[in-house]
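Residue numbers (this note's numbering): -15 to 506.
Even glycine gets a Cβ: it sits at the ideal position worked out from N, Cα and C.
Predicted model only: the values in this text are computed from it and were never measured.
Single-structure report; data block below.
See the structure below:
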């Protein structure tokens, strides 16, 4: 937990709140803790969930999907990333709004909506499992490590599949180990994420400044702010994956409120956090949060807490996602010729080969090291996200689960997801094919979640703390945009599975005539 401006007192819990609490038990009342004064130094001490979310975002959307999408369809498609990141920023902040008031993750709030925990708990646990239980990024890490060891990309014909599978298992094992090492898993992830993000951005900025021509910088920048272009013969599933993973891709957006709870921000100061099984000491998690009375003093403290989270999500996370997408796409435009689409089995590692061939041979090792940290940070974040969501959902919704300690529930779920990951890796084809599964489920989660977050905040928060009208409109817009993408991409995927594959002639023309400038795209 973060430090307060004065030592936190163990204030006695007062009578239960008289606010409507929906389908879960009533909150109790407690004082809103005093935040640190809002200064630059204290901002650096207080923010953190955005760094974890950014480290998770940059691996899939920015390093893999963004470059591959723009290599295939041109930089004119980047306005989709701008829209997706903005809508997800609003989504994240409105999920956090509920946590600052109650100390509960947003999914606990959603389980308060009718018909309650029996529908919404299993719905999100099932959707999250379908989306994130497949460890696509572990296979991406294996691509990078294999390439570093062999000195060449994996065999496109699948000859290296068994070796990649074994390396993926090692990555999966390392993930499980690290997620059990800290007194607070959130704090451990935050420290790792800051170091990974700093290394990644130093490398990307240096490579772009030294080797990418100015005209490519301009073309990439224009793509972010030139809405409307969609290429002919668009792969709609890839578009849905791109729009979702430009940000945090569905379940990660919901999990930010769990991270805020474990960080101890706002009323979450009283809620505890999930610790690792390998730690000797860990706090316990409250299943039901606590709320504060709306007074002039509490409103002033609320505004300070909200300012910290605005910086965490709008500056650190959202601008970090835009910068990460820009730098990765900009680099890909400089090293990959138009129409030259890297093979799917090289996802995560192809950048190293192109940079070594076209820029400087030393980039072979540096790009592989950077690629590994990017992909592993996302693998770590995704695994924690899924396990954390399921743990907190069971913890709040089912009292029988609380016979165990929260960290034991987390550990058992983590082992179960790791076991499924072994099977998925054995059955999977490539990192990109596994990543498409993640993207297919991201849009429905964002669509349903956006509307439910709005309902939660309007139903359970006092009028003074509810989102303003423009934010409500943005949440509805988020639900509509990702709802349309979900329908279109799922329909396209269904047709792909039910129709015979195209002939050689059709396949040969696919990807040709890719425009290289925004003017061409228009």
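Give the secondary structure of residue i by DSSP, where H, G and I count as helix, E and B as strand, and everything else as coil.
| i | result |
| --- | --- |
| residue 269 | coil |
| residue 344 | coil |
| residue 163 | coil |
| residue 2 | coil |
| residue 22 | coil |
| residue 132 | helix |
| residue 461 | helix |
| residue 201 | helix |
| residue 374 | helix |
| residue 178 | helix |
| residue 305 | helix |
| residue 440 | helix |
| residue 209 | coil |
| residue 329 | Legend: pLDDT at residue 329 = 49, less than 50; position of this residue unreliable, value from coordinates given subsequently. Residue state, collapsed to three classes: helix. |
| residue 368 | helix |
| residue 249 | coil |
| residue 296 | helix |
| residue 127 | helix |
| residue 388 | coil |
| residue 287 | helix |
| residue 32 | coil |
| residue 152 | helix |
| residue 445 | coil |
| residue 450 | coil |
| residue 190 | helix |
| residue 137 | coil |
| residue 382 | coil |
| residue 555 | For residue 555 there is no data in the structure shown, the boundaries of the chain being -15 and 506. |
| residue 143 | coil |
| residue 217 | coil |
| residue 427 | helix |
| residue 363 | helix |
What number of angstroms, rounded off, separates the C-alpha of residue i from the C-alpha of residue j?
| i | j | result |
| --- | --- | --- |
| residue 36 | residue 472 | 30 Å |
| residue 393 | residue 445 | 30 Å |
| residue 395 | residue 470 | 32 Å |
| residue 169 | residue 283 | 30 Å |
| residue 13 | residue 84 | 14 Å |
| residue 10 | residue 3 | 8 Å |
| residue 227 | residue 201 | 21 Å |
| residue 429 | residue 107 | 10 Å |
| residue 248 | residue 100 | 26 Å |
| residue 259 | residue 179 | 21 Å |
| residue 356 | residue 379 | 34 Å |
| residue 230 | residue 466 | 13 Å |
| residue 116 | residue 399 | 14 Å |
| residue 120 | residue 405 | 9 Å |
| residue 61 | residue 133 | 35 Å |
| residue 373 | residue 291 | 25 Å |
| residue 213 | residue 367 | 34 Å |
| residue 305 | residue 64 | 13 Å |
| residue 177 | residue 142 | 33 Å |
| residue 190 | residue 422 | 31 Å |
| residue 474 | residue 408 | 20 Å |
| residue 431 | residue 210 | 24 Å |
| residue 385 | residue 276 | 27 Å |
| residue 272 | residue 286 | 20 Å |
| residue 477 | residue 338 | 31 Å |
| residue 315 | residue 124 | 19 Å |
| residue 402 | residue 341 | 37 Å |
| residue 234 | residue 21 | 33 Å |
| residue 98 | residue 313 | 43 Å |
Sort out for me which residues DSSP pairs residue i with in a bridge.
| i | result |
| --- | --- |
| residue 274 | 12 |
By alpha-carbon positions, which one of the options ends up nearest to residue i?
| i | options | result |
| --- | --- | --- |
| residue 411 | 175, 148, 210, 370 | 148 |
| residue 126 | 358, 388, 437, 38 | 358 |
| residue 377 | 56, 5, 88, 76 | 88 |
| residue 217 | 301, 56, 124, 388 | 56 |
| residue 185 | 6, 307, 241 | 307 |
| residue 32 | 431, 293, 115, 401 | 293 |
| residue 42 | 236, 29, 140, 463 | 236 |
| residue 450 | 341, 174, 79 | 79 |
| residue 268 | 299, 20, 246 | 246 |
| residue 23 | 238, 335, 295 | 295 |
| residue 103 | 19, 477, 443, 382 | 382 |
| residue 110 | 312, 371, 436 | 371 |
| residue 8 | 387, 96, 289, 350 | 96 |
| residue 448 | 351, 280, 434 | 280 |
Is there at least one Cβ from chain B nearer than 9 Å to residue i's Cβ?
| i | result |
| --- | --- |
| residue 299 | Going by chain labels, chain B is absent from the structure shown, which holds only one protein chain. |
Cβ-heavy atom distance between residue i and the ligand NAD below 8 Å?
| i | result |
| --- | --- |
| residue 87 | The ligand NAD is not part of this structure, which contains no ligands at all. |
Review point. What beta strand (DSSP E) runs, 3 residues minimum, are completely inside the region 65 to 116?
Key: Qualifying beta strand (DSSP E) stretches: none in this window.
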